[in-house]
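Taken in order, the sequence shown gives residues 78 to 535; the numbers are from our numbering.
Cβ coordinates follow ideal geometry from the N, Cα and C atoms, glycine included.
The structure presented is a predicted model; accordingly, all values stated were derived computationally and were not measured.
Reviewing the structure listed below.
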Amino acid sequence: MYPCTSVFHISHMGVMRKAIGYIMNANSLLGRMLCITAYILTYDFMFEHFVFKLFYYMGLDYIEMEPLPKTLWITFSILPFTLYKGIKSMSSYFCIFLYLLVYIPFIHALFVTNGIDAYSLYSYACVMCLFFIVYFGMDSWRNLFKPLELRPALSFRWIEIITLIITAIFVLSRMKSMHFVNIFTQSDVLYDLRSQNSEAINGGGGFIAYLQGWLSGAFYPFLLVCYLREKKWLKALAILFGYILLFMVDMQKITFVMPFVLVALYFVVQLKHETISQRLHSLIIVTTVIISFALYFAQDNEILFVVGAIVLLRTVCVAGWLSQFYLHFFSEHPYTHYSHINIVNAITNAYPYDVPLGVVVAHGTQNANANFFLTDGIAAWGLSGVVIIGVFFFVLLQFINAIAFRYELKDLFVVFLPTLSFLLNTSIFTTLLSSGMFILLIILLMVESPLVKNKTPT
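Here's what the structure looks like:
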């Protein structure tokens, strides 16, 4: 009996593993639908019972959905995901994060926000749904651009030299503003210094801020992955130190954490590339669902409540309540017509407000920086702005895919992580110009680096 029981137990466990593997695999339509349904229902529950319940005073809304609107919300939410088949290109890498952290919250906001007329609700929902169907379908279509590279290639040594020069300029110009604080125990000091240093940078001209963005979003992640690939550990440590120098000026926790996340992600992706490509969506969803409910039920603990606020309010649901801010504000106030972009405003001088976009949208209570569908879409020109920026992002994704052919996706996952983090929280033009994305694309396009594959496509 004992051997039979043991065999039955092993067989049962094997079936369970296969079932879980099937559900979590991107090739399984049923698995994808189960995962995303669990995610959106969890999102709705957490928004109502944690975010809205505890932070309604920020001006948040939550309208309980009737059966028909709820059915339409679920349909709009899951429809684009039917085309997702795993991460097969850089476009699908970007879009899975944008789908979970931007699209899902935005669609939810449309259905639970007060004062949105039916035309606006369904117009925004249909346009956004169509764009994400197109984005996820790109892996099955022919690219607009042929594989791109510039010849003659720039030597990798020049990138190292340029990085050293920019770092030296940055440190010398900000030496008096540099401080190191414990991000866990000195939060008050950190926020005070962040405010002071931000004012100093803005008052001293924006060029140094550009240099900082180029270092953190382009030069440092690119060099870090190159050095890790070649096992040049001392040079990799130098890049980590460079990030610490940036943190000592901007006092942003993400700047301090980013290099360690990049290193960890590099080694995970190298070991589990295929798993990441096929199961990243389910890993994010399962982790988010488990952590969300764990923090929800442990919210009476003061420390865990703070963690819950960071995870739920400031990460998972942030795009949702920011969508409410932008939808409300620009239903009553003039659009920016892209004058919120510094270069455009320098030409037109047409920016209609006295303070930055994020501040004016939040009525001065905070700086409500948001993803590009809100800033470069709704704020710029309403529904027309969403269409314009959606098309622009489509072309940009095609361009990135055309550049990426020379590289292993597992390396680019790490190199583009800072860019992705900016893209989730700021204007796409800020990401391109101020946060280093354009510089990174130029580097990948024209530099002969250790990351370039040996063979080129025929």
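DSSP three-state assignment for residue i, whether helix, strand or coil
{"i": "V529", "result": "strand"}
{"i": "S359", "result": "helix"}
{"i": "L131", "result": "helix"}
{"i": "Y484", "result": "strand"}
{"i": "S354", "result": "helix"}
{"i": "S232", "result": "strand"}
{"i": "L518", "result": "helix"}
{"i": "V345", "result": "helix"}
{"i": "V432", "result": "coil"}
{"i": "V524", "result": "strand"}
{"i": "P224", "result": "coil"}
{"i": "N102", "result": "coil"}
{"i": "L178", "result": "helix"}
{"i": "F407", "result": "coil"}
{"i": "S154", "result": "helix"}
{"i": "S416", "result": "coil"}
Rounded C-alpha distance that separates residue i from residue j
{"i": "I184", "j": "S232", "result": "46 Å"}
{"i": "Y430", "j": "G98", "result": "52 Å"}
{"i": "V463", "j": "I361", "result": "26 Å"}
{"i": "F296", "j": "E143", "result": "50 Å"}
{"i": "N448", "j": "R356", "result": "25 Å"}
{"i": "S461", "j": "K162", "result": "30 Å"}
{"i": "I100", "j": "R109", "result": "7 Å"}
{"i": "K532", "j": "E485", "result": "Note that K532 has pLDDT 45, beneath the 50 cutoff, so the model's placement of it is unreliable and no number is given."}
{"i": "E404", "j": "I164", "result": "The amino acid occupying residue 404 in the given sequence is Leu; Glu does not appear at that position. Approximately 32 Å between the Cα atoms of the pair."}
{"i": "M252", "j": "K330", "result": "19 Å"}
{"i": "D488", "j": "F344", "result": "10 Å"}
{"i": "S400", "j": "L149", "result": "19 Å"}
{"i": "E307", "j": "A423", "result": "44 Å"}
{"i": "T119", "j": "L177", "result": "12 Å"}
{"i": "L221", "j": "K130", "result": "46 Å"}
{"i": "F595", "j": "L322", "result": "The chain is shown only over 78 to 535; residue 595 falls outside these bounds and no answer can be derived."}
{"i": "V346", "j": "G91", "result": "26 Å"}
{"i": "H402", "j": "V436", "result": "It is Phe, not His, that sits at residue 402 in the sequence shown. Rounded to the nearest angstrom, the two C-alpha atoms are 11 Å apart."}
{"i": "I151", "j": "M123", "result": "16 Å"}
{"i": "I210", "j": "V248", "result": "45 Å"}
{"i": "F158", "j": "E351", "result": "20 Å"}
{"i": "S369", "j": "V388", "result": "8 Å"}
{"i": "V246", "j": "S197", "result": "Reading off the sequence shown, one finds Ile at residue 246, where the question assumed Val. So the alpha carbons of these two residues sit roughly 48 Å apart."}
Of the listed residues the options, nearest to residue i (C-alpha basis)
{"i": "M215", "options": "P229, E351, L474", "result": "L474"}
{"i": "F127", "options": "A386, I239, T452", "result": "A386"}
{"i": "G319", "options": "F333, T159, R306", "result": "F333"}
{"i": "H417", "options": "P146, H405, V432", "result": "V432"}
{"i": "F469", "options": "Y212, L111, W291", "result": "Y212"}
{"i": "V340", "options": "F515, G454, L494", "result": "L494"}
{"i": "F490", "options": "L160, L404, S169, T152", "result": "S169"}
{"i": "E237", "options": "L292, K147, S197, R251", "result": "L292"}
{"i": "N104", "options": "C206, L160, T244, G91", "result": "L160"}
{"i": "M325", "options": "A371, A457, S254", "result": "S254"}
{"i": "T190", "options": "C206, S200, G136", "result": "G136"}
{"i": "M335", "options": "I155, L131, V302, R234", "result": "V302"}
{"i": "I516", "options": "Q289, A457, Y139", "result": "Q289"}
{"i": "Y199", "options": "A439, I477, P146", "result": "P146"}
{"i": "S166", "options": "I353, W235, A245, T244", "result": "I353"}
{"i": "D453", "options": "I321, A439, S504", "result": "S504"}
{"i": "E141", "options": "Y134, D121, Y133", "result": "D121"}
{"i": "Y428", "options": "A456, R391, N446", "result": "A456"}
{"i": "I239", "options": "I520, V383, K530", "result": "I520"}
{"i": "L390", "options": "L106, L107, F132", "result": "F132"}
Proximity test, Cβ basis, 8 Å: residue i and chain B
{"i": "Q289", "result": "Looking at the structure shown, chain B is missing, and only one protein chain is on hand."}
Cutoff 7 Å; reference residue i; Cβ partners in own chain excluding five residues on either side
{"i": "Q522", "result": "The residue you asked about is not Gln; residue 522 is Leu in the sequence shown. Correct list, in chain order: L225, E226, L227, I480."}
{"i": "W218", "result": "none"}
{"i": "A202", "result": "F153, I184, L187"}
{"i": "S498", "result": "I331"}
Same chain, Cβ closer than 6 Å to residue i, five either side skipped, listed in chain order
{"i": "L500", "result": "T508"}
{"i": "V179", "result": "A396, N448"}
{"i": "M78", "result": "In this predicted model, M78 has a pLDDT of only 49, less than 50, meaning its place in the structure is not dependable enough to derive any value."}
{"i": "G513", "result": "G290, W291, G294, A295"}
Where residue i falls, given that 16 or more other Cβ within 10 Å makes a residue buried
{"i": "D194", "result": "exposed"}
{"i": "C394", "result": "buried"}
{"i": "F60", "result": "The chain is shown only over 78 to 535; residue 60 falls outside these bounds and no answer can be derived."}
{"i": "D377", "result": "exposed"}
{"i": "V366", "result": "buried"}
{"i": "L241", "result": "exposed"}
{"i": "M93", "result": "exposed"}
{"i": "F284", "result": "exposed"}
8 Å Cβ shell around residue i - same chain, five flanking residues per side excluded
{"i": "L510", "result": "Y287, I420"}
{"i": "A96", "result": "none"}
{"i": "F450", "result": "V179, F183, M205, V463, I466, G467"}
{"i": "V173", "result": "Before going on, a small fix: residue 173 reads as Ile here, not Val. Cβ neighbours of I173 beyond the five flanking positions: Y161, I164, L357, H358, I361."}
{"i": "I155", "result": "M110, I113, T114, I117"}
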